[in-house]
Ligand code: NAI
């Protein structure tokens with residue numbers, strides 16, 4: 004056989020360079036023919052403690068899309084844990100969903116891969132991963148966050164919502180020297196586990212609410228309530244208000260979005276279409292609370308259970324307010340966006 008037909012062209016390999024650029028410790032590829040598992044685990048940093056990150060299952064269009072997502076999310080988790088002041092690092096796992104995937108067996112196979120990491124990576128839920136998927140993972144590895152705890156807010160979503168509320172109080176204090184939501188106007192996108200809780204707290208605190216949801220069953224209880232307006236999903240970002248709270252999806256705010264709020268603070272991961280939007284918002288005088296500071300309550304709660312600080316989780320979650328306030332003050336002092344200030348604070352801690 005001529006040499007030429009035996010030599011296949013090698014794929015271009017930029018993974019190692021990307022890992023080097025972003026200071027990633029490990030990227031692990033896992034596949035299993037029997038279950039159809041195709042997964043990537045990324046351990047961004049264990050400098051401050053074992054990496055933590057949920058499992059996302061999406062029908063990615065390509066392996067490179069999955070790789071980019073897992074690396075982006077893993078690094079964001081490191082920044083989140085660094086600024087939360089907990090002895091944990093950041094990572095993430097993704098499963099590439101496809102019609103042939105045998106779901107339970109695939110999650111079990113991923114569990115075995117996580118077990119082999121020996122505790123350098125702890126996992127939990129994320130988009131596409133339910134509690135029963137996690138039960139399959141848990142059947143194969145010790146390194147999954149527990150469902151319940153006896154202390155702290157208990158439930159992960161409850162913990163995240165508590166952190167968002169702490170952040171809202173800090174934002175109101177920064178803007179108006181008063182943490183109370185009474186009489187202030189809020190626009191909330193998404194009334195799920197977090198948005199629903201935040202809306203409830205604001206409503207009880209006499210705030211004026213404008214809400215939206217794509218799931219009609221979650222809107223029912225809000226229709227007709229005093230001081231609550233329901234709008235179509237496409238209108239929510241342009242509602243005039245004091246605070247816009249994105250609690251649904253990421254990537255929703257672009258430079259061209261016609262925002263009419265004074266501040267943005269919510270649970271959604273990566274609400275900006277791109278990082279450069281943070282500067283645009285800063286120039287327009289819109290205060291953006293960095294998502295990875297605000298939505299850290301869940302990982303604080305989860306990590307506290309197995310890293311031995313369960314008795315301090317409530318205090319650490321409430322500490323999000325103080326962290327955010329110091330970021331806002333520093334940003335004002337140096338004229339940078341709170342987003343950039345938070346990024347450099349987190350990266351400094353990771354170094
Ligand atoms: P969830 O799935 O319970 O709620 C999200 C809600 O948004 C759903 O009810 C959904 O119907 C709605 N929604 C989706 N697209 C929408 C649209 N275009 N307009 C209006 N509503 C829309 O999720 P959860 O747990 O409340 O999380 C909210 C966000 O916070 C997500 O982005 C999540 O990744 C992020 N997050 C959640 C954490 C947690 O502990 N649950 C931790 C950190 C971040």
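Residue numbers (this note's numbering): 4 to 354. We put the beta carbon where it would ideally sit given N, CA and C, even for glycine.
Continuous alpha helix (DSSP H) stretch holding residue i: start and end
i, result
"residue 265", "Careful: residue 265 lies outside any alpha helix (DSSP H), inside the beta strand (DSSP E) at 264–267."
"residue 221", "219–222"
"residue 1", "Within the shown structure, residues of the chain are numbered from 4 to 354, placing residue 1 beyond reach of any answer."
"residue 286", "280–286"
DSSP-derived helix/strand/coil call for residue i
i, result
"residue 1", "In the structure displayed, the chain extends from 4 to 354; residue 1 sits before or after that span and is not available."
"residue 255", "coil"
"residue 128", "strand"
"residue 95", "strand"
"residue 302", "helix"
"residue 49", "coil"
"residue 212", "strand"
"residue 353", "helix"
"residue 35", "strand"
"residue 291", "strand"
"residue 355", "The shown model of the chain, from 4 to 354, leaves out residue 355, and the question about it has no answer."
"residue 234", "coil"
"residue 3", "This structure cannot settle anything about residue 3, because the visible part of the chain is limited to 4 through 354."
"residue 89", "coil"
"residue 324", "helix"
"residue 54", "strand"
"residue 76", "helix"
"residue 205", "helix"
"residue 147", "strand"
"residue 104", "coil"
"residue 346", "helix"
Cut-off 8 Å between Cβ atoms - residues of its own chain near residue i, not counting five sequence neighbours on either side
i, result
"residue 297", "166, 167, 170, 268, 269, 270, 323, 327"
"residue 262", "240, 241, 247, 256, 284, 287, 289"
"residue 178", "245, 265, 266, 290"
"residue 149", "305, 308, 309"
"residue 254", "273, 274, 275, 276"
"residue 77", "27, 45, 46, 47, 54, 56, 93, 94, 95"
"residue 160", "196, 197, 200, 301"
"residue 18", "30, 70"
"residue 219", "none"
Start-to-end residues for the beta strand (DSSP E) that takes in residue i
i, result
"residue 246", "244–249"
"residue 65", "From DSSP, residue 65 is part of no beta strand (DSSP E); its letter is neither H nor E."
"residue 27", "Note, residue 27: premise wrong, no beta strand (DSSP E); not H, not E."
"residue 190", "188–192"
"residue 320", "First-last for residue 320: 316–321, but that is the alpha helix (DSSP H), not the beta strand (DSSP E)."
"residue 3", "Absent from the structure is residue 3, since the part of the chain shown begins at 4 and ends at 354."
"residue 59", "58–61"
Own chain residues within Cβ distance below 7 Å of residue i, not counting five before or after
i, result
"residue 158", "none"
"residue 201", "164, 167, 168, 191, 248, 250"
"residue 334", "340, 341, 344"
"residue 83", "93, 295, 299, 302"
"residue 182", "172, 175, 176"
"residue 216", "193, 194, 222"
"residue 21", "74"
"residue 143", "111, 114, 115, 118"
"residue 123", "46, 49, 53, 54"
"residue 282", "340"
Own chain partners of residue i with C-beta closer than 6 Å, once the 5 adjacent residues on each side are dropped
i, result
"residue 154", "Residue placement at residue 154 is poorly supported in this model, since its pLDDT is 40, which falls under 50; the coordinates still yield a value, given next. The answer, listed in chain order, is 313, 314."
"residue 112", "35, 38, 40"
"residue 209", "185"
"residue 141", "147"
"residue 130", "59"
"residue 103", "39"
Beta-carbon gap between residue i and residue j smaller than 8 Å
i, j, result
"residue 349", "residue 330", "no"
"residue 59", "residue 30", "no"
"residue 212", "residue 205", "yes"
"residue 233", "residue 226", "yes"
"residue 32", "residue 45", "no"
"residue 23", "residue 62", "no"
"residue 57", "residue 133", "no"
"residue 114", "residue 87", "no"
"residue 137", "residue 121", "no"
"residue 146", "residue 117", "yes"
"residue 353", "residue 69", "no"
"residue 258", "residue 280", "yes"
"residue 162", "residue 320", "yes"
Cutoff 8 Å: residue i Cβ touching any chain D Cβ
i, result
"residue 33", "This model lacks chain D altogether; it includes just one protein chain."
Can you confirm whether the stretch 306–326 touches the stretch 186–197 when touching is taken to mean that 3 or more C-beta pairs between the two stretches lie within less than 8 Å? The answer is no - the stretch 306–326 does not touch the stretch 186–197, with fewer than three Cβ pairs under 8 Å.
Segment contact flag, the stretch 48–59 with the stretch 88–95, C-beta cutoff 8 Å, min 3 pairs: yes
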